[in-house]
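Enquirer: So that we are looking at the same thing, I have put the structure below in structure tokens.
Protein chains: 4
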Amino acid sequence: MPDKEKNQLAGEFPFVPQQVRAQQKRHALIESGRCLFIKNGYSQTTAKDIAANAGVAIGTFYRYFSDKRQLLRSLFEEQLEMLIPPEPSWVHGDPEILLAALLEKHYKRLDEIGIHRVLPELLPKDPELSEILIEARRKLHSKFLSSLRQIEEMGLTWKDLDLDTVAWTVLMIVENGPQKTEYSDNEINYAEIAKVICRIVFPPEILVRLQNKEG
Amino acid sequence: MPDKEKNQLAGEFPFVPQQVRAQQKRHALIESGRCLFIKNGYSQTTAKDIAANAGVAIGTFYRYFSDKRQLLRSLFEEQLEMLIPPEPSWVHGDPEILLAALLEKHYKRLDEIGIHRVLPELLPKDPELSEILIEARRKLHSKFLSSLRQIEEMGLTWKDLDLDTVAWTVLMIVENGPQKTEYSDNEINYAEIAKVICRIVFPPEILVRLQNKEG
Amino acid sequence: MPDKEKNQLAGEFPFVPQQVRAQQKRHALIESGRCLFIKNGYSQTTAKDIAANAGVAIGTFYRYFSDKRQLLRSLFEEQLEMLIPPEPSWVHGDPEILLAALLEKHYKRLDEIGIHRVLPELLPKDPELSEILIEARRKLHSKFLSSLRQIEEMGLTWKDLDLDTVAWTVLMIVENGPQKTEYSDNEINYAEIAKVICRIVFPPEILVRLQNKEG
Amino acid sequence: MPDKEKNQLAGEFPFVPQQVRAQQKRHALIESGRCLFIKNGYSQTTAKDIAANAGVAIGTFYRYFSDKRQLLRSLFEEQLEMLIPPEPSWVHGDPEILLAALLEKHYKRLDEIGIHRVLPELLPKDPELSEILIEARRKLHSKFLSSLRQIEEMGLTWKDLDLDTVAWTVLMIVENGPQKTEYSDNEINYAEIAKVICRIVFPPEILVRLQNKEG
DNA sequence: CATGAATGAGACTTCATTCAT
DNA sequence: TATGAATGAAGTCTCATTCAT
Chain A
1 MPDKEKNQLA GEFPFVPQQV RAQQKRHALI ESGRCLFIKN GYSQTTAKDI AANAGVAIGT
61 FYRYFSDKRQ LLRSLFEEQL EMLIPPEPSW VHGDPEILLA ALLEKHYKRL DEIGIHRVLP
121 ELLPKDPELS EILIEARRKL HSKFLSSLRQ IEEMGLTWKD LDLDTVAWTV LMIVENGPQK
181 TEYSDNEINY AEIAKVICRI VFPPEILVRL QNKEG
Chain B
1001 MPDKEKNQLA GEFPFVPQQV RAQQKRHALI ESGRCLFIKN GYSQTTAKDI AANAGVAIGT
1061 FYRYFSDKRQ LLRSLFEEQL EMLIPPEPSW VHGDPEILLA ALLEKHYKRL DEIGIHRVLP
1121 ELLPKDPELS EILIEARRKL HSKFLSSLRQ IEEMGLTWKD LDLDTVAWTV LMIVENGPQK
1181 TEYSDNEINY AEIAKVICRI VFPPEILVRL QNKEG
Chain C
2001 MPDKEKNQLA GEFPFVPQQV RAQQKRHALI ESGRCLFIKN GYSQTTAKDI AANAGVAIGT
2061 FYRYFSDKRQ LLRSLFEEQL EMLIPPEPSW VHGDPEILLA ALLEKHYKRL DEIGIHRVLP
2121 ELLPKDPELS EILIEARRKL HSKFLSSLRQ IEEMGLTWKD LDLDTVAWTV LMIVENGPQK
2181 TEYSDNEINY AEIAKVICRI VFPPEILVRL QNKEG
Chain D
3001 MPDKEKNQLA GEFPFVPQQV RAQQKRHALI ESGRCLFIKN GYSQTTAKDI AANAGVAIGT
3061 FYRYFSDKRQ LLRSLFEEQL EMLIPPEPSW VHGDPEILLA ALLEKHYKRL DEIGIHRVLP
3121 ELLPKDPELS EILIEARRKL HSKFLSSLRQ IEEMGLTWKD LDLDTVAWTV LMIVENGPQK
3181 TEYSDNEINY AEIAKVICRI VFPPEILVRL QNKEG
């Protein structure tokens, strides 16, 4: 079941150090776990499944991970930053266009990775994970908020909206978008969502100005 | 464990019908399930836990439900409509105030019931349940959309936003609000959220007009 | 669920004494047990099934029988003699015809009653029952043997066969016949079996004599 | 619990292949099942019993068998042919002696194996098994019948008996013998049974001829 | 007496984890 | 180091039996 590499060139030295192999195996396991968690859910997936799917024996699984949960944590650590929506730069181009592009990229990436789908199942089971996630969210919110504050100081935002709430709303949209596209029969339209977000952030006349400046 | 009723009318006939007791027990089980699902997650909760928590034997659980999943379904059927956000009436009062009140009521109710928290865990496991939920969401989206179309015809909405997307955005906010309050250290502020929603729906001058008309 | 009798003539006195009713219920239960045991096997049949099939509540079952096994014993006690093959009278008519008639009657009766089919399942579980059965068989064997001895003294049997073994063989045929008819595609033929039995018991010339005497 | 082999050849390589051990454990389970089924009956025996009796944990049982029934099937597949009575060769020696020897060997083997005792309990529960058995019986009957037909053509059988019924009768005796020895207090006497069978098959004068020819 | 809800022991089965090879 | 057989705790579910109504 092992032995799939090391036959690429003739005469090869024992050039692939064991740590690399080990890392590869570890990775194969994580990847296998990711697929199965997404496909069948976390608790529906057994350690044996993960090992089999990675092409190793169950014993090997336990050599690399203390248990299923730890594999999951590793999965997260590896990919957490992929989950984090990028912070938009509001003033270096047409915000609507920038946002639409960012949204599309982010949603697509989330869908590729897919782990966000198992999160809800896990939070009650794993307070530590939960902690990590909440922390990540809090940071994200701070970053959003401070970037909004910057453009507020430039007088670009609505005067009558609470920026904290604006940041929260935008995050809500950005985070939950891809899971909740079954509402309408229409395809999700990134440009339209971008418009809505811009409306929450900028008064229309400001937006026009920004669009003209850079367009 | 038994003995909780039989004090309804004077005379004390042997009249407490069996069905009443049975229904009460069934209810105790559902309630017990609800609590434990919310507290520990669905797959973390065993049938035995639910029975014990309801103060009955495991056999009793299986008298009323074929299994854990069926209990969950019953729970849903009983409370699905409680989960559905109410449809706001946009033009019979200050929309911001109306919305804030609705939001507060809805969020509080969701938090009391709490099942929405297990939903994401369940959807991959129970396609039937998933179906029900998606359907409910679709209907809700339609209702929102058509109510927005009405006020659009009255010329009250932004001309440049796609109403379908607006409806989607509002639902996103309304549905996910209570779960995601860990972002900021501030308390969730219904009035501010209401303002943001109103901004997405109404141009400011329209909103002012609506507020003055009824205020 | 009860109340099915006592409406036969007008003005009727409370004339059906309880014991009769009780006996009827008891009987209904035994009968119900018999059917279900035969259809589904003993251990496949639950006390609840038996009660339901008899149209009474499970509590009633336990009023009449201490448990399933006791019901079975009662069933046996009631019907044991029906299971016992009749002892043929060898010399009062054509033995082949007499035997064929007896066999047919016996096999048919066994099939109607049907309990012989659950016996094998029960013997390991219920040594007491087992005891009863072995005893019944032993008696039957004795009866057969002594009846064979009588005709032996009249010089009607083979001289070179051990009568004990002859009796054993005949019982083997008589007892197992109806269960083992799947061997051949042909219908079971009582007359032919009777002939075989007669061949074991009587030398042909004796048989002819007996047939002529009475025919 | 482990350690029972590894002494086959000198040198003691780490050469006992896992499959051998596994097969041994599988066998231990089957054997354990056989004993318990015979002693306590099929439905009285639990998977746990079987595992414990084989000296392994319950999980090990389920590694080798999907459930109790499957173990039983394996047991059958392994030993079905042992259950099948051998076909006698009627004319190559004194039939009585040959038969007595065959009967003794067959009965003893049946008693050693013992599974025939659980058969009757199983047939109603397991139609598939039932099918296998009926088929085996039908084949056996055919074989018997055709061997009888052969000696019939040689003029060695009774003219007035139906060979189909003769075959059926012989099988009845051969199959049920060992279970039903409780009839009489005497030991079962193979020679006497053989005599009875011969009487059903051969007219006495033919038998004498056969005995003299080869004796 | 009849009822059937309630009980809980115990059977069945899965799976995370260990450990000898 | 890799393997996978073995383990047994823990969950699911059934059913004989009791007992309040």
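Here the protein sequences line up with chains A, B, C and D, keeping their order. Our numbering numbers the first residue of the first sequence as 1 and each following residue consecutively. Our numbering numbers the first residue of the second sequence as 1001 and each following residue consecutively. Our numbering numbers the first residue of the third sequence as 2001 and each following residue consecutively. Our numbering numbers the first residue of the fourth sequence as 3001 and each following residue consecutively. Idealized CB from N, CA, C, for every residue including glycine. This one's a predicted model, so the numbers in the text were calculated from it and none came from an experiment.
Taking one C-beta from the region 51 to 64 of chain A and one from the region 164 to 178 of chain A each time, how about it: are there three or more such pairs within less than 8 Å?
Expert: Verdict: no, contact absent.
Enquirer: Could you confirm whether any beta carbon from chain D is found closer than 8 Å to the beta carbon of C:GLU2121?
Expert: So yes, C:GLU2121 belongs to the interface.
Enquirer: Go through its chain and collect everything with a Cβ distance to B:PHE1076's Cβ below 6 Å, but skip five positions before and after it.
Expert: Nothing meets the Cβ criterion.
Enquirer: Taking the C-alpha atoms as reference points, what is the distance between A:GLU5 and A:ALA28?
Expert: Confidence in A:GLU5 is poor, its pLDDT being 40 and thus under 50, which makes the residue's placement unreliable; the coordinate value appears in the next sentence. The straight-line gap from Cα to Cα measures roughly 13 Å.
Enquirer: Is the beta carbon of C:LEU2123 sitting closer than 8 Å to the one on C:SER2130?
Expert: Yes.
Enquirer: With C-beta atoms as the reference, is C:LEU2098 less than 8 Å away from C:PRO2088?
Expert: Taking 8 Å as the Cβ cut-off, C:LEU2098 and C:PRO2088 qualify as a contacting pair.
Enquirer: Distance check for B:GLU1112 and B:ALA1047, CA to CA, integer angstroms please.
Expert: Taking the straight line from one Cα to the other gives about 22 Å.
Enquirer: When you compare the CB positions of A:ILE200 and B:ILE1200, do they come within less than 8 Å of one another, or not?
Expert: Contact: yes.
Enquirer: For B:SER1146 and chain A, any beta-carbon pair shorter than 8 Å?
Expert: It does not; no Cβ of chain A falls within 8 Å.
Enquirer: With distance defined between alpha-carbon atoms, name the residue in B:SER1074, B:ALA1052, B:ILE1197, B:LYS1125 nearest to B:GLN1023.
Expert: Minimum Cα distance to B:GLN1023 is reached at B:SER1074.
Enquirer: Quick check on this structure: which residue in A:ARG117, A:LYS39, A:ASN212 has the alpha carbon closest to the alpha carbon of A:LEU83?
Expert: Out of A:ARG117, A:LYS39, A:ASN212, A:ARG117 has the C-alpha closest to the C-alpha of A:LEU83.
Enquirer: According to DSSP, is A:MET1 part of a helix, a strand, or is it coil?
Expert: For A:MET1, the predicted model reports a pLDDT of 39, less than 50, meaning its position is unreliable; a value from the coordinates is still stated below. Of the three classes helix, strand and coil, the one that applies to A:MET1 here is coil, per DSSP.
Enquirer: Just to make sure I have the definition right: I need the residues of chain B whose C-beta is within less than 9 Å of the C-beta of A:MET154. Which are they?
Expert: Those do not exist, as A:MET154 stays about 20 Å from chain B at its closest Cβ, beyond 9 Å.
Enquirer: Cα separation between C:PHE2144 and D:ASP3162?
Expert: Using only the alpha carbons, I get a separation of about 25 Å.
Enquirer: For a contact defined as C-beta to C-beta under 9 Å, what are the partners of A:GLY114 on chain B?
Expert: Within chain B, no residue comes near A:GLY114; the closest Cβ sits about 11 Å away, beyond 9 Å.
Enquirer: Got a sec, what are the start and stop residues for the alpha helix (DSSP H) A:VAL166 sits in?
Expert: Unbroken alpha helix (DSSP H) run through A:VAL166: 163 to 176.
Enquirer: Tell me, please, whether the CB atom of C:LYS2143 is closer than 8 Å to any CB atom in chain D?
Expert: Judged by the 8 Å Cβ criterion, C:LYS2143 is not in contact with chain D.
Enquirer: For a contact defined as C-beta to C-beta under 9 Å, what are the partners of A:LEU99 on chain B?
Expert: Near A:LEU99 there are no residues of chain B at all, since even the closest Cβ is about 13 Å away, more than 9 Å.
Enquirer: Work out the CA separation of C:LYS2105 and D:ALA3167 for me, nearest whole Å.
Expert: Computed Cα separation, rounded: 23 Å.
Enquirer: Is it buried or exposed, B:PRO1204, if we count other Cβ atoms within 10 angstroms and call 16 or more buried?
Expert: Exposed, since its Cβ has fewer than 16 Cβ neighbours within 10 Å.
Enquirer: Just the Cα atoms here: how many angstroms apart are B:TYR1216 and A:PRO95?
Expert: Residue 1216 of chain B lies beyond the residue range present for chain B, which begins at 1001 and ends at 1215; the question has no answer from this structure.
Enquirer: If we ignore side chains and look at the alpha-carbon of each, how far apart do B:ARG1149 and B:GLU1135 end up?
Expert: Each residue's Cα considered, the two are about 21 Å apart.
Enquirer: DSSP three-state label for B:HIS1092, please.
Expert: Residue state, collapsed to three classes: coil.
Enquirer: What's the gap between the Cα of C:VAL2020 and the Cα of C:ALA2051?
Expert: Spanning the two alpha carbons is a distance of roughly 19 Å.
Enquirer: What does C:GLU2192 touch in chain D if you count any residue whose Cβ is under 7 Å from its own?
Expert: By Cβ distance, chain D contributes ASP3162, THR3165.
Enquirer: Please list the residues of the region 3039 to 3052 of chain D that have a C-beta atom closer than 9 Å to any C-beta atom in chain C, keeping them in chain order.
Expert: Cβ contacts with chain C: LYS3039, ASN3040, GLY3041, TYR3042, SER3043, GLN3044.
Enquirer: In whole angstroms, give me the CA-to-CA distance for C:LEU2110 and C:LEU2080.
Expert: Whole-angstrom Cα-Cα distance: 11 Å.
Enquirer: Looking at C-alpha atoms only, which residue of A:SER66, A:ILE206, A:LEU72, A:GLY55 is the closest neighbour of A:ILE151?
Expert: Comparing Cα-Cα distances from A:ILE151 to each of A:SER66, A:ILE206, A:LEU72, A:GLY55, the minimum goes to A:ILE206.
Enquirer: If we cut at 8 Å on Cβ distances, does A:LYS108 have a partner in chain B?
Expert: Closer than 8 Å: no.
Enquirer: Check the Cβ-Cβ distances between A:PRO124 and every residue of chain B, and say whether any is below 8 Å.
Expert: So, interface residue.
Enquirer: Is the shortest distance between the beta-carbon of D:ASN3212 and the beta-carbons of chain C less than 8 Å?
Expert: Closer than 8 Å: no.
Enquirer: Name the chain D residues whose beta carbon is nearer than 8 Å to that of C:LYS2195?
Expert: Per Cβ cutoff of 8 Å: ASP3160, LEU3161, ASP3162, THR3165.
Enquirer: Could you tell me whether any Cβ in chain C is nearer than 8 Å to the Cβ of D:ARG3199?
Expert: For D:ARG3199, the answer is yes, since a Cβ of chain C falls inside 8 Å of its Cβ.
Enquirer: Helix or strand or just coil, what does DSSP make of A:ILE84?
Expert: Note: A:ILE84 maps to coil in three-state DSSP.
Enquirer: Have a look at C:GLU2120 and C:MET2154 and give me their C-alpha separation to the nearest angstrom.
Expert: For the record, residue 2120 of chain C in the displayed sequence is Pro; it is not Glu. Cα-Cα distance, rounded: 39 Å.
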